[in-house]
Structures are given as structure tokens and as C-alpha cells.
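A.B. asks: Protein chains in written order, with my numbering: chain A, 1 to 753; chain B, 754 to 905.
Glycine included, each C-beta is placed from N, C-alpha and C at the ideal position.
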Amino acid sequence: MSTLNPKLDRRSFLKVSALAGGGMLLSFSWLAGCKPTPEQSLILPKEWFELNSYIKIGDNGVVTLYSANPEFGSNVKTSMPMILAEELGVDWKMVLVEQADFWPERFQRQFTGGSQGIRQGWTPLRTAGATARQLLINAAAQTWKVPAAEITATAGQLEHKASGKKAGYGELASLAATLPVPEEVALKDPKDFTLIGTSKKNVDLEKIITGTPLFGIDYQMEGMKYAAIVHPPAFGMKLASFDASSVNSLPGILDVFSIQLFKDEYVRNFFDTATFPELVAIVGNSTWEVLQAKKSLKATWEKAPESSFSMSGFGGNPSKVKVPAGLENTEIHLAKMAEYTSKPGNVLRRDGDPEGAFKKATKILEKTYIAPFLAHNTMEPVNCFAHVTADKAEIYGPTQAPEFIIGTIASAIGLPKEKISIKLARMGGGFGLRAYSHHMVEAALISQKAGVPIKMVYSREDDMTYGIYRPSYSATYRAALDEKNQLLALHVKAGGVPETPIHANRFPAGAIDNYLAEGWQIESNITIGAFRAPRSNFIAAAEQSFLDELAEVMGKDPIAFRLDLLKRAETNPVGENNDYDAKRYAGVLELVKEKSKWGSPAAGVHRGVAAYFCHNSYVAEVVDMVLQDKKPVVSKVIAAVDCGIVVNKDASVNMGEGAIVDAIGNALYGELTFNEGVPSKTNFHQYRMIRQQDAPKAIEVHFVESKEDPTGLGEPFFPPVFAALANSLYKATGKRFYQQPFGTQLEKEGFKV
Amino acid sequence: MAQFTLQINGTSRQVEVDPNTPLLWVLRDHLQLVGTKFGCGMAQCGACTIHLDGTAARSCSLPVSSVGNSAITTIEGLSENGDHPVQQAWIEHDVPQCGYCQAGQIMTAAAFLNQNPSPSDTEIEAAMNGNICRCGTYLRIKAAVKTASQNS
Ligand code: FES
Ligand code: FES
């Protein structure tokens with residue numbers, strides 16, 4: 001107990017009497033078995049006492065911890081309450097976790113994305129836990145008339161050793177809830193952690209395995225109707241007209257109308273991405289009936305002219321965003337990308353004299369890497385429940401970013417924000433997609449117009465063809481070498497449709513004297529959005545594949561080569577603003593080298609390595625591959641990660657395993673192409689997803705021992721896999737793979753996938 | 754519209770729906786059994802897996818009129834207290850991430866283990882190949898099926 005406390009955010013400690021979702025008991029953390037022990041079946045106290053926004057304690061010592069962030073599978077709903085429980089000093093068996101509603105007056109940053117939940121929640125949650133603990137201690141001190149400093153509070157028990165006085169948290173919670181909030185509290189010394197660093201099972205596990213309603217799509221309410229949408233068949237098209245009578249008389253259909261997501265004067269925010277601001281909505285008695293009716297709808301679509309809208313900048317004045325006209329084709333995208341590759345881009349960083357170094361070079365290695373658009377394909381299709389009446393709106397559905405959609409809903413339905421409540425559903429996957437919550441606006445507009453509560457569900461086809469994709473990218477790397485094969489300069493020029501993937505200040509910037517980074521972009525009306533480590537998921541693949549090839553040309557071991565560069569960046573960095581810690585970066589490479597026994601792979605195993613830093617965490621990965629009957633099979637992946645303190649061990653391993661599997665799938669099979677603006681794939685019969693038989697046979701995840709504050713894991717495991725896979729494919733097949741998906745290229749070379 | 758009497762999780766349930774309605778939507782919309790999930794609607798992802806007389810079936814592609822008197826088991830009816838060996842193994846391995854695909858995974862695994870109580874790894878992989886998990890929990894799924902096969 002030594003760390004001095006930072007300033008409390010007073011918002012978290014407002015005394016608000018009525019809790020949202022009162023009595024809605026969502027998750028028990030105990031999961032030893034499904035039958036509760038007698039201790040567990042006391043469960044519900046007669047009375048709850050709220051110590052702050054995150055914590056309430058029952059008169060029987062049961063503790064409810066609110067999980068403020070939306071849960072999409074990265075396990076924040078378990079791991080973030082563990083941080084509260086650690087500082088509160090409570091037995092995890094006595095903890096219930098409840099999903100908080102969106103409630104910005106009480107909770108900070110109810111946003112899940114960018115791998116920031118644990119990192120940004122760390123200090124606020126510790127502080128909230130420690131403050132509640134101090135309130136309990138103060139209550140005991142007052143009751144027992146002893147100094148607070150002599151009271152200990154652990155595992156839900158308060159004790160004053162000298163007098164032998166003892167009490168459970170539940171006994172003092174009522175008094176504690178009335179005491180003034182301390183201005184400062186001490187946080188635990190990490191070496192005294194008893195919960196953080198252990199493995200706690202997913203608090204929703206029991207519900208998930210028994211099929212208990214948890215997801216937005218599961219929501220039902222008396223009198224609720226169902227809704228489907230019909231969107232234009234192609235990017236670059238819009239609704240001209242529709243014939244309501246084509247579906248009106250179909251069985252179970254109640255209403256059909258069009259909706260407009262944005263009022264003309266509305267200034268959009270960054271997460272207001274909506275591919276089709278006007279949609280046709282069909283309302284009916286059941287999901288099946290509305291999905292069927294979609295097929296009968298007679299609608300006329302027309303080419304959309306170029307348009308623009310106002311968007312507020314991050315803190316700046318609104319800017320105009322242009323939506324170009326046209327029906328786009330992948331072939332044209334590829335041709336344009338090739339064209340941009342060969343002309344100068346925007347200089348994003350220049351160190352030394354790269355142009356001069358290239359002139360002096362005796363050898364130049366130049367390679368271009370390409371990747372396609374990707375669809376998110378979360379297993380739960382886009383959906384949302386809404387109940388909008390004249391004076392209020394209730395929204396329940398999947399969203400990573402409620403804060404960024406409530407204003408949009410308010411504008412669309414003409415109600416003030418205070419009249420809109422958003423409840424946060426567990427999401428059937430997110431991966432960035434659900435930071436863009438247009439579906440909440442759509443559901444609200446449909447409910448308002450139909451005058452009934454509705455649940456809107458996208459078909460898989462709607463979901464896959466709606467947009468908000470990972471962009472298509474291209475990157476060209478060039479290295480200048482002298483006659484001794486020493487590296488003189490590195491040049492990267494990368495762009496995409498419609499954004500550049502470059503992070504100009506990341507490695508290998510800072511490690512090379514002469515360095516040039518250039519970006520370019522090609523405009524498009526195909527909408528894009530965050531997709532598990534946006535930009536990094538491509539540029540890591542390109543960079544780390546290139547470094548592998550460069551190491552080979554230079555006659556160096558791929559790990560040793562990277563370590564040499566990192567040594568330079570650590571001891572004598574080039575330039576300024578290098579946004580990575582070279583030592584921690586090298587640390588994960590060292591660890592993966594050791595754990596994989598890099599120098600001595602098993603017979604018949606072909607291995608590739610890659611490392612990357614993004615979203616504040618460092619990851620290195622080795623992919624082991626065997627060739628079976630001309631089919632490359634990933635036999636093992638070994639990952640080393642430095643994310644500071646690990647909060648929930650096994651959940652972190654699970655995250656690593658999942659991201660590795662997901663990346664192998666996307667690298668080998670993921671691809672969406674376009675013809676005249678129409679996406680080439682509409683469902684899983686065409687869009688190949690990684691399946692059980694394609695998954696690696698084993699995955700090991702190793703953590704660097706660390707005392708640093710924790711950073712996130714949802715994204716950092718993902719980007720390096722693409723390159724480690726490409727590098728191992730090279731070893732296995734003798735071919736370098738420059739274009740994703742690698743599966744298509746492998747088939748061209750006569751391999752099976 | 755027609756009347757159907759379905760045998761679901763040991764009880765008789767009556768519904769009046771269009772005969773073409775897939776069993777998935779009858780379960781979810783009409784009988785409030787929402788544990789069975791919608792993923793693709795075309796028998797490609799396995800999220801909607803149920804048991805029909807003990808055999809795994811994709812309820813999204815099964816018109817209610819074709820079910821007849823067959824016994825339907827959904828995830829809600831797999832066990833009384835979530836204590837089917839497959840569910841227990843799922844807890845032991847803390848399998849889920851988002852959790853959305855898992856009911857379908859569990860139903861596929863339970864039906865498979867009935868037919869093949871001690872499968873090899875390769876057999877498990879083949880049996881589970883029809884169930885997509887975007888979160889990539891395949892290794893834990895495989896390990897849990899193995900554990901369940903040893904514990905049942
Ligand atoms: S929803 Fe039935 S298999 Fe996908
Ligand atoms: S756990 Fe998320 S799709 Fe399987």
C-alpha cells in the first residue's frame with residue numbers, strides 16, 4: 001500500500017439513488033459448477049449500498065461490480081471488474097458482475113476499441129476500488145472508535161487486530177455509503193496483488209453455454225414487431241423509388257417505408273459512417289416474414305451523384321467530406337494502386353538523405369505488397385432493438401461506442417439526449433465494426449415511424465454487403481544496399497483505397513540513418529472502418545515480410561537482423577518521435593526466440609517470424625508450418641507478448657489464440673472484391689472463413705514478466721501473424737507471397753489450401 | 754398459416770406459422786427460445802445447430818413443416834442445470850470469447866460425441882468444421898470436445 005493516488009474523477013462518485021436496470025442481475029462470477037454452494041446461494045441481499053458508480057455492497061457482503069465498457073469478446077466484462085475487486089479487497093467468489101447501461105454521468109469512456117479498455121481503465125478502476133475500500137475502513141474506524149490506519153481490509157473482512165474487532169463489508173456498507181469520499185487513497189503495490197495476474201473465467205460463461213439471452217438479437221418485449229432493411233445493391237447507388245404494394249399485402253407484413261438517417265443540418269462525427277443514408281424498412285410480425293418480404297420488394301435504384309456532408313473534426317471545425325460518384329471495380333482499384341506506387345507520394349517522414357543513399361546503392365531490393373478489402377463478418381449480424389415514443393427512446397443493441405451515436409439518434413428522431421437510453425448488449429463479435437452504430441439510428445427511426453417497439457435484424461447478406469470494410473492497401477518497400485550488403489537506406493511508400501496504412505514514426509523508423517516514408521490515397525465510395533488493428537494489420541504484413549526478405553539478401557538471420565536494428569534504435573536512435581520502446585520490442589523477439597528454440601526447429605518444420613508494436617503492446621510470433629500433400633498446415637504458433645502487467649492470465653491467452661487464428665484465416669482466405677460497385681460475396685458459401693480444420697494445431701502464448709501498467713491485447717496479436725505466415729510459407733514453398741489472400745496465390749502455384 | 758405441434762426439450766409446444774418458416778425462427782420469435790442463433794440462414798455457419806432426434810441439424814434451413822414428431826433439443830434443453838459433459842468441458846476450458854457461436858458449437862459437439870464417444874483429433878476437427886467462430890476459439894473447442902469425451 002504505497003502508491004500515491006492520482007486525482008479522482010468526481011463523476012464516478014456521484015450519489016445516484018436509482019440504479020439503471022434495478023434488480024437485473026446479470027452475471028455471477030462463481031462458476032465452479034452450476035449448482036451454487038450454500039455460501040453462494042445467499043446471493044441476493046435485502047439491501048444494497050452504493051459506494052460509488054462501480055461498486056455496491058449488499059448487507060450480506062455480496063458485491064456487485066458494474067462493468068462499464070461494452071463487451072464484444074475481449075473479456076473486459078471479467079477483467080475490468082477484477083481490477084476493481086483487487087483494490088476493494090474482496091473475495092472474487094462473492095462478486096457479481098453487471099453490465100452497466102450507457103451512462104456518461106457515472107462512467108468514463110464507455111468505449112470498447114483500440115485495445116484501450118484495460119489500459120485506460122487501469123487507474124480509474126483501481127482508484128474506484130481503493131476508494132470504496134477506504135470508505136469501509138473509515139466506517140469501521142468510526143464504529144469501533146479506533147484509528148483507520150490500524151484497520152485491515154481483505155477478502156471482504158475488516159479487522160482491528162489490537163481490539164480483536166471484526167466485521168464483514170456487508171455490515172459496514174450502509175454507514176460507508178454515507179461517509180464523505182476521501183480525497184486521496186493509497187493503491188496497492190503490484191507485488192501485493194492477489195487477483196490480478198490470476199485466471200478468472202468469463203463471468204457470462206454459464207449464460208453462454210446454456211443459451212440464456214445475452215445478445216441484442218435475443219431481446220424481446222411484449223408487443224414488439226420485427227424489421228428488416230433493404231439497401232441499394234451497389235456502392236455508388238441510391239434509392240430512386242419503391243413500390244409499397246409489392247410487399248404490403250404479404251403475410252405478416254405491417255408496414256413499409258423509407259428512412260433517412262441524417263437531417264440535412266446534422267454535422268456527423270467520425271463514427272457516423274453509414275454507407276446508405278436512405279434505406280427501405282419493412283416491418284412485420286416475425287423475422288422470417290420481414291426477411292422474406294425483402295425479396296419481393298420492387299424498388300428502383302439509381303446512380304448516386306457526387307455528394308458531401310459536414311463532419312466534425314477531433315476538436316476542430318467541421319470539414320466537408322466528399323463521397324465520390326461511380327460504380328467501382330477491384331481491377332480499377334488495383335490499376336490505380338499500381339499507378340500511385342510509381343509516382344511520388346506525400347512525405348510523412350524523412351531522416352538523413354535517403355535519395356542520395358539510393359543513388360549510391362550497389363543493390364536495390366524493391367517489393368510491393370497488396371491486400372484486399374475485408375468484411376468483418378461478426379457471427380452476430382447487425383441488429384438493434386428500439387422503442388421510440390413521443391417523449392422517450394429505449395435502444396438495446398450491439399455497440400462499441402454508445403457515446404458517438406447518441407447524438408446522431410437524438411438528431412434523427414428529434415428527442416433530446418436525456419430522453420434516450422442505450423442499454424449495452426453483449427456483442428456477438430465487434431472487431432471494430434460496431435464502433436459505427438448506424439443500426440441504432442435505423443432501428444430508432446423505424447420504431448418511431450411504425451409507432452411500435454421493433455427489433456431490426458440484417459440478413460447475413462445485408463451485413464456482408466453493407467460496407468464499413470477493412471480498406472484495400474498497397475505498400476512498396478525499397479532497400480538500398482552497398483557492395484558489402486550493408487543497409488544504406490529504406491524507403492516505404494504506401495497507400496490504399498481510401499486511406500494510407502503508414503504509421504511513419506514506427507519501427508523501422510528510428511533504426512535506419514536514411515529513411516523515407518510516403519503515403520497516398522485513392523478516393524472511393526466504398527465505406528471503410530476500423531478492423532482489428534486498423535492499418536497495422538496490413539502494414540505489419542508488408543514491413544515484416546520485407547524485412548525477412550531483406551535479411552536473407554543481407555545474409556542475416558531474420559531475428560538477429562531485427563535485433564540489430566532495434567539495438568541501433570535503442571542506443572542511438574535516428575530522428576525524433578519514434579513511437580516505440582526499442583528495448584521492449586527486442587524483448588519479445590528475444591522471448592519468442594527462446595521459447596520457439598528458434599535455432600533448432602523440428603525436422604520438416606518450416607518457420608517464419610514477425611514482430612510488431614501497435615496499440616501499446618509488443619508481440620513477436622513464430623509460425624511453424626509443415627507441408628502435407630502439397631497443403632501448407634500450420635502446426636504451431638508461438639507468441640511472445642509484452643503488455644505490461646497481465647490482468648487475467650488465461651483470458652489473455654485466449655485472446656492471443658483467437659487473434660492468431662483470425663489472422664491466419666484472413667491472410668489465407670479473406671477477400672472482398674467489387675464489380676460495378678457490387679460486392680462479389682454475400683454469405684459464407686462464398687466468403688471463406690477459417691474453420692476448425694484450418695486452425696493451427698497448437699498455439700503457445702508467452703508473456704514478458706513486467707511491472708509496467710497494463711496495455712491491451714485485442715489487437716496487438718493480430719498484425720504480425722500475416723507476415724510470420726508469409727515468411728513460413730516462403731520456407732515451405734520456396735515462394736514469397738506478396739498479395740493477400742495468400743490462398744489464391746498458393747493455388748496458382750499448385751498448392752492446396 | 755398452419756398449426757404445428759412440436760416436441761421441444763421434452764414438452765409439446767404449439768405454434769401457428771407459415772409452413773415454410775425455418776425452425777430457427779419458430780424457436781426464436783415464436784417460442785422465445787433464443788439460445789439457438791442466427792448466423793447465415795443457409796446452413797453454412799452452424800450457429801443455429803439443434804438436435805433432431807439426437808442428430809445435429811441446421812435449424813435455419815429446416816422448414817417447420819418438415820419436423821413432424823421428431824424430438825427437438827435446443828441448447829436450453831441440452832441439460833437441466835448446464836451440466837452436460839460438453840457444457841462442463843466448455844466451462845473447464847473457458848472456451849468462449851464473444852460467445853455467439855458457442856451454442857451451435859456445443860450442440861454439434863454433443864451430437865457428435867453421442868455417435869463417436871472417443872474420437873481422435875482428426876475426427877473432432879472434421880465433425881466441428883461446419884461451425885464458424887470468427888473469434889477463433891477453435892483450439893479450445895477441440896480441447897473441450899476431447900475433455901468431454903473423456904468425462905462422459
Ligand atoms: S444460421 Fe444456420 S448454419 Fe448459419
Ligand atoms: S466465440 Fe465469438 S464467434 Fe465464436
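Measure from the C-beta of Val753/A to each C-beta in chain B and report whether the shortest distance is under 9 Å.
C.D. replies: Output row for Val753/A: interface = no.
A.B. asks: Is Gln760/B close to chain A, meaning its C-beta is less than 9 Å from at least one C-beta of that chain?
C.D. replies: No - not a single Cβ of chain A is within 9 Å of the one on Gln760/B.
A.B. asks: Would you call the stretch 636–653 of chain A in contact with the stretch 77–87 of chain A, where contact means no fewer than 3 C-beta pairs closer than 8 Å?
C.D. replies: Cβ pair count under 8 Å is three or more, so yes.
A.B. asks: Which residues bound the alpha helix (DSSP H) around His439/A?
C.D. replies: Segment 438–450, the alpha helix (DSSP H) holding His439/A.
A.B. asks: Mind pulling the chain B residues with CB within less than 8 Å of Phe72/A?
C.D. replies: Those are Cys851, listed as they occur along chain B.
A.B. asks: State yes or no: is the C-beta of Gln116/A within less than 9 Å of the C-beta of Arg109/A?
C.D. replies: Yes, they are a contact pair.
A.B. asks: Pull every residue with its beta-carbon under 6 Å away from any heavy atom of ligand 1, and keep them in chain order.
C.D. replies: This criterion selects Phe791/B, Gly792/B, Cys793/B, Gly794/B, Ala796/B, Gln797/B, Cys798/B, Gly799/B, Ala800/B, Cys801/B, Arg811/B, Cys813/B.
A.B. asks: Listed in chain order, which residues of the stretch 767–786 of chain B have Cβ atoms closer than 9 Å to some Cβ of chain A?
C.D. replies: Those residues of the stretch 767–786 of chain B that come within reach of chain A (Cβ to Cβ, closer than 9 Å) are Val770, Asp771, Asn773, Thr774, Pro775, Leu777, Trp778, Val779, Arg781, Asp782, His783, Gln785, Leu786.
A.B. asks: Relative to the C-alpha of Pro180/A, which candidate in Gly168/A, Gln142/A, Ala162/A has its C-alpha closest?
C.D. replies: The residue with the shortest Cα to Cα distance from Pro180/A is Gln142/A.
A.B. asks: Report back the beta-carbon spacing between Ala398/A and Glu671/A to the nearest angstrom; my notes put them in contact at under 8 Å.
C.D. replies: In the sequence as displayed, the identity of residue 398/A is Pro instead of Ala. The Cβ separation is near 25 Å, so there is no contact.
A.B. asks: Please report the straight-line C-alpha distance between Lys597/A and Thr744/A, rounded to a whole angstrom.
C.D. replies: Lys597/A and Thr744/A: Cα-Cα distance of roughly 31 Å.
A.B. asks: Which chain B residues sit within Cβ distance under 7 Å of His685/A?
C.D. replies: Ordered by position in chain B, the residues that pass the 7 Å Cβ test against His685/A are Met795, Gln797.
A.B. asks: Return no unless some Cβ of chain A is closer than 9 Å to the Cβ of Gly883/B.
C.D. replies: Interface residue, yes.
A.B. asks: What does the alpha-carbon distance come out to for the pair Met758/A and Gln686/A?
C.D. replies: Nothing can be reported for residue 758/A: it is not among the residues displayed for chain A, which extend from 1 to 753.
A.B. asks: Residues of chain B with CB closer than 7 Å to the CB of Pro372/A, please, in chain order.
C.D. replies: Ordered by position in chain B, no residue passes the 7 Å Cβ test against Pro372/A, which lies about 18 Å from the chain.
A.B. asks: Let me check you understand the geometry: is the CB of Gln855/B closer than 8 Å to at least one non-hydrogen atom of ligand 2?
C.D. replies: Yes, ligand 2 has a heavy atom inside 8 Å of this Cβ.
A.B. asks: Against Lys899/B, what residues of chain A qualify as contacts under a CB-to-CB distance less than 8 Å, listed in chain order?
C.D. replies: Those within 8 Å of Lys899/B in chain A number zero; the least Cβ separation is about 13 Å.
A.B. asks: Can you find a heavy atom of ligand 2 that lies under 8 Å from the Cβ of Gln400/A?
C.D. replies: Flag unset: Cβ of Gln400/A not near ligand 2.
A.B. asks: Relative to the C-alpha of Val290/A, which residue among Lys225/A, Phe262/A, Phe703/A is closest?
C.D. replies: Checked all of Lys225/A, Phe262/A, Phe703/A; the closest Cα to Val290/A is Lys225/A.
A.B. asks: Within 9 Å (strictly less), CB to CB, does Lys35/A reach chain B?
C.D. replies: Low confidence applies to Lys35/A: its pLDDT is 45, below 50, so where it sits in the model is not reliable, and the reading given next is rough at best. Yes - at least one Cβ of chain B is within 9 Å of the one on Lys35/A.
A.B. asks: Does the stretch 353–367 of chain A touch the stretch 382–398 of chain A, meaning 3 or more C-beta pairs lie closer than 8 Å?
C.D. replies: Touching, no, given that fewer than three Cβ pairs across the two stretches are closer than 8 Å.
A.B. asks: Would a check of beta-carbon distances place Cys888/B closer than 9 Å to chain A?
C.D. replies: So, interface residue.
A.B. asks: Identify the residues that DSSP records as bridge partners of Pro679/A: which are they?
C.D. replies: DSSP lists Phe674/A as partners of Pro679/A.
A.B. asks: Are Met456/A and Ala227/A close, meaning C-beta to C-beta below 9 Å?
C.D. replies: Yes.
A.B. asks: Report yes or no: is there a C-beta of chain B within less than 9 Å of the C-beta of Asn654/A?
C.D. replies: It does: the Cβ of Asn654/A has a partner Cβ on chain B nearer than 9 Å.
A.B. asks: Need the endpoints of the alpha helix (DSSP H) that Glu594/A sits in, please.
C.D. replies: Looking at the DSSP string, the run of the alpha helix (DSSP H) that includes Glu594/A is 582–595.
A.B. asks: Give a yes or no on whether 9 Å exceeds the smallest Cβ distance from Leu892/B to chain E.
C.D. replies: Absent from the structure is chain E; the protein chains it does hold are A and B.
A.B. asks: Distance, Cα to Cα, Thr701/B vs His804/B?
C.D. replies: With chain B running from 754 to 905 in the structure shown, residue 701/B is simply not present.
A.B. asks: With the cut-off set at 9 Å, would you say Glu71/A and Gly792/B are in Cβ contact?
C.D. replies: Cβ atoms of Glu71/A and Gly792/B: not closer than 9 Å.
A.B. asks: Assuming contact is defined by CB atoms lying nearer than 9 Å, are Asn248/A and Glu461/A in contact in what I supplied?
C.D. replies: No, these two residues do not count as a Cβ contact at 9 Å.
A.B. asks: Quick check on DSSP: helix, strand or coil for Asp642/A?
C.D. replies: Note: Asp642/A maps to strand in three-state DSSP.
A.B. asks: Would a C-beta distance cut-off of 9 Å place Phe257/A and Val230/A closer than the cut-off?
C.D. replies: Cβ distance not < 9 Å, so Phe257/A and Val230/A don't count as in contact.
A.B. asks: Residues of chain A with CB under 9 Å from Glu829/B, in chain order?
C.D. replies: Going along chain A in sequence order, the residues near Glu829/B (Cβ under 9 Å) are Thr210, Gly211, Thr212.
A.B. asks: In the DSSP assignment, find the beta strand (DSSP E) that holds His702/A and state where it starts and stops.
C.D. replies: It spans 699–703 - the beta strand (DSSP E) in which His702/A sits, taken as one unbroken run.
A.B. asks: Any beta carbon from chain B within less than 9 Å of Val457/A's own beta carbon?
C.D. replies: Yes - at least one Cβ of chain B is within 9 Å of the one on Val457/A.
A.B. asks: Can you pull the chain B neighbours of Ala695/A, defined as C-beta to C-beta under 7 Å?
C.D. replies: Chain B residues near Ala695/A: Tyr891, Leu892.
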